[in-house]
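Chemist:
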Amino acid sequence: MHCSDSRTALSARVDGEALPPGVTGPVLDAHLHGCADCRLWERRVLALREWTTRIGGTAL
Ligand SMILES: [Zn+2]
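Residue 6 in UniProt numbering sits at position 6 of the sequence shown; the count goes up by one each step and never skips.
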């Protein structure tokens with residue numbers, strides 16, 4: 001699995017969408033386990049999502 005595929009799948013999973021064809025949760029987790037860059041990327045996506053959710057839940 002390439003990092004670009006992993007990140008596409010991660011962003012889908014963070015958004016609660018279906019994973020891309022050919023990607024399963026365990027495959028994605030295995031990539032994350034071995035790839036610090038993608039772990040960092042996932043953390044950023046999660047932080048951004050939490051931030052936008054919080055903003056969206058207030059006066060906006
Ligand atoms: Zn990666």
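Glycine residues also receive a C-beta, built at the ideal position from the N, C-alpha and C atoms.
Determine the burial state of residue 59: buried for a count of at least 16 other Cβ atoms within 10 Å of its Cβ, exposed for fewer.
Modeler: The sequence position of residue 59 within the sequence shown is 59, counting from 1. Confidence in residue 59 is poor, its pLDDT being 49 and thus under 50, which makes the residue's placement too unreliable to answer from.
Chemist: Is it buried or exposed for residue 4, if we count other Cβ within 10 angstroms and need 16 for buried?
Modeler: Working through the sequence shown from its first residue, we reach residue 4 at position 4. It is exposed - the Cβ of residue 4 has fewer than 16 other Cβ atoms within 10 Å.
Chemist: How would you label residue 31, buried or exposed, when you count the other beta carbons within 10 angstroms and need 16 or more for buried?
Modeler: Here residue 31 is taken as the residue at index 31 of the sequence shown, counted from 1. With 16 or more Cβ atoms within 10 Å of its Cβ, residue 31 is classed as buried.
Chemist: Return the chain-ordered list of same chain residues with a C-beta closer than 7 Å to the C-beta of residue 18, the five sequence neighbours on each side being excluded.
Modeler: For this step, residue 18 is matched to residue 18 along the sequence shown. So the qualifying residues of the chain are 12.
Chemist: Do residue 14 and residue 46 have their beta-carbon atoms positioned less than 8 Å apart in this structure?
Modeler: Sequence index remark: in the sequence shown, residue 46 carries index 46 (1-based). Sequence index remark: in the sequence shown, residue 14 carries index 14 (1-based). Yes. Within cutoff.
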